[in-house]
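Undergrad: The structure's right below; bear with me while I get my questions together.
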Amino acid sequence: MDRNPPDKTEEPVTDKSDQDRALKAEDGAADEGAGGTAPFSRPFDTFAGWFAEAGDSEPNDPNAMALATVAADGRPSLRMVLLKGWDEGGFVFYTNFESRKGRELTGNPHAALLFHWKSLRRQVRIEGAVTPVTDDEADAYFASRPRPSRIGAWASKQSRPLEGRLAFEAAIAKFTAQYAVGTVPRPPHWSGFRLSPDRFEFWQDRKFRLHDRHIYDRAQGEDGPLWQTSMLYP
Numbered sequence: 001m002d003r004n005p006p007d008k009t010e011e012p013v014t015d016k017s018d019q020d021r022a023l024k025a026e027d028g029a030a031d032e033g034a035g036g037t038a039p040f041s042r043p044f045d046t047f048a049g050w051f052a053e054a055g056d057s058e059p060n061d062p063n064a065m066a067l068a069t070v071a072a073d074g075r076p077s078l079r080m081v082l083l084k085g086w087d088e089g090g091f092v093f094y095t096n097f098e099s100r101k102g103r104e105l106t107g108n109p110h111a112a113l114l115f116h117w118k119s120l121r122r123q124v125r126i127e128g129a130v131t132p133v134t135d136d137e138a139d140a141y142f143a144s145r146p147r148p149s150r151i152g153a154w155a156s157k158q159s160r161p162l163e164g165r166l167a168f169e170a171a172i173a174k175f176t177a178q179y180a181v182g183t184v185p186r187p188p189h190w191s192g193f194r195l196s197p198d199r200f201e202f203w204q205d206r207k208f209r210l211h212d213r214h215i216y217d218r219a220q221g222e223d224g225p226l227w228q229t230s231m232l233y234p
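Counting in full-length UniProt numbering, the sequence shown runs from 1 upward without gaps.
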């Protein structure tokens, strides 16, 4: 069996909606062009527009993003997580701090995110430093989760060996009984991280693999932070 399906991306994009999206991306993502500067809000405004379109076009989880971390020995690891909030201060996700990603982010507080919206033929890469969210932020988000998810945060020893599904179900039953009445508190090992961007890349598919790649690198201007803009060959 051929494990490599035919590469259809070499064919011209003929769907008008694809053409319109490509033109909008060209107009919106990099109207500064290469080698210029942009106000601090610019990449966040572009992300807001693309994220809104993804919410309309993606069939599942438009807020899903790949999170890359690096261990102390230099080994990278990657997994999908969900974006739970964002603004010009950064992009927020939640996890068990005793998990592999939690340990790696604590030891090396730098990470990269990747959004891939296949329906839009777009990617956004974001790199930056990572810091824990405040206890108030973590408490508020944890309280918004369904009760079974809050119980699961207590029952799951995330990323550690599991003897079998029955052991996990026993732990769930234990904490369900323990918190049968009243609220389920947030575990001390469960919280969130905020990635503060110092680099964005907005990638838009174009026909014949002649894609657009627009870069924003954080810099300090006379009146505050701004972005150096550039483009990369596809």
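Note that CB positions come from ideal geometry on N, CA and C, so glycine has one too.
One question on the structure: do residue 52 and residue 229 come within less than 8 Å of each other, judged by their Cβ atoms?
TA: no
Undergrad: Taking all protein chains shown into account, decide if residue 41 is buried (16 or more other Cβ within 10 angstroms of its Cβ) or exposed.
TA: exposed
Undergrad: My output table needs one value for residue 72: the three-state DSSP class, helix, strand or coil.
TA: coil
Undergrad: How many Å lie between residue 165 and residue 99 at the Cα?
TA: 18 Å
Undergrad: Take residue 79 and list the residues in its own chain whose beta-carbon comes closer than 8 Å to its own, dropping the five residues that flank it on each side.
TA: 66, 67, 101
Undergrad: Kindly indicate the opening and closing residues of the beta strand (DSSP E) around residue 180.
TA: Taken as a continuous stretch (DSSP letters only), residue 180 belongs to no beta strand (DSSP E), as it is neither H nor E.
Undergrad: Under 8 Å by Cβ, that's how I've got residue 93 and residue 105 pegged, so tell me the actual separation to the nearest angstrom.
TA: Not confirmed; about 10 Å, so no contact.
Undergrad: Just curious, the beta strand (DSSP E) that residue 105 is in, first and last residue?
TA: First-last for residue 105: 100-107, but that is the alpha helix (DSSP H), not the beta strand (DSSP E).
Undergrad: Could you tell me if residue 96 is buried or exposed, where buried requires 16 or more neighbouring beta carbons within 10 angstroms of its beta carbon?
TA: Looking at its Cβ environment, which holds 16 or more other Cβ atoms inside 10 Å, residue 96 is buried.
Undergrad: In the DSSP assignment, the beta strand (DSSP E) including residue 222 goes from what residue to what residue?
TA: First-last for residue 222: undefined, no H or E at that position.
Undergrad: What does the alpha-carbon distance come out to for the pair residue 161 and residue 168?
TA: 11 Å
Undergrad: Threshold first: 4 residues or longer. Then list the alpha helix (DSSP H) segments lying entirely within the stretch 82-142, N to C.
TA: 100-107
Undergrad: On the CB-based measure, 16 or more other CB atoms within 10 Å of its CB, does residue 233 come out buried or exposed?
TA: exposed
Undergrad: Rounded to whole angstroms, what's the CA-CA distance from residue 153 to residue 124? Just pull it up for me.
TA: Taking the straight line from one Cα to the other gives about 29 Å.
Undergrad: Buried or exposed for residue 221, going by 16 or more other Cβ atoms inside 10 Å?
TA: exposed
Undergrad: Could you pull the start and end residues of the alpha helix (DSSP H) that residue 150 belongs to?
TA: 147-155
Undergrad: Using the C-alpha atoms, what's the distance from residue 213 back to residue 90?
TA: 21 Å
Undergrad: Over the uninterrupted alpha helix (DSSP H) stretch that includes residue 40, give me the two end residues.
TA: No alpha helix (DSSP H) contains residue 40, which DSSP labels as neither H nor E.
Undergrad: Go ahead and label residue 21 buried or exposed: buried means 16 or more other beta carbons lie within 10 angstroms of its beta carbon, across all protein chains shown.
TA: Below a pLDDT of 50, predicted positions are generally treated as unreliable, and residue 21, at 49, falls in that range; no measurement from the model is reported.
Undergrad: Classify residue 169 as helix, strand or coil using the three-state DSSP reduction.
TA: helix
Undergrad: What does the alpha-carbon distance come out to for the pair residue 103 and residue 72?
TA: The alpha-carbon atoms of residue 103 and residue 72 are separated by roughly 10 Å.
Undergrad: Please state if the CB of residue 54 and the CB of residue 117 are separated by a distance shorter than 8 Å.
TA: yes
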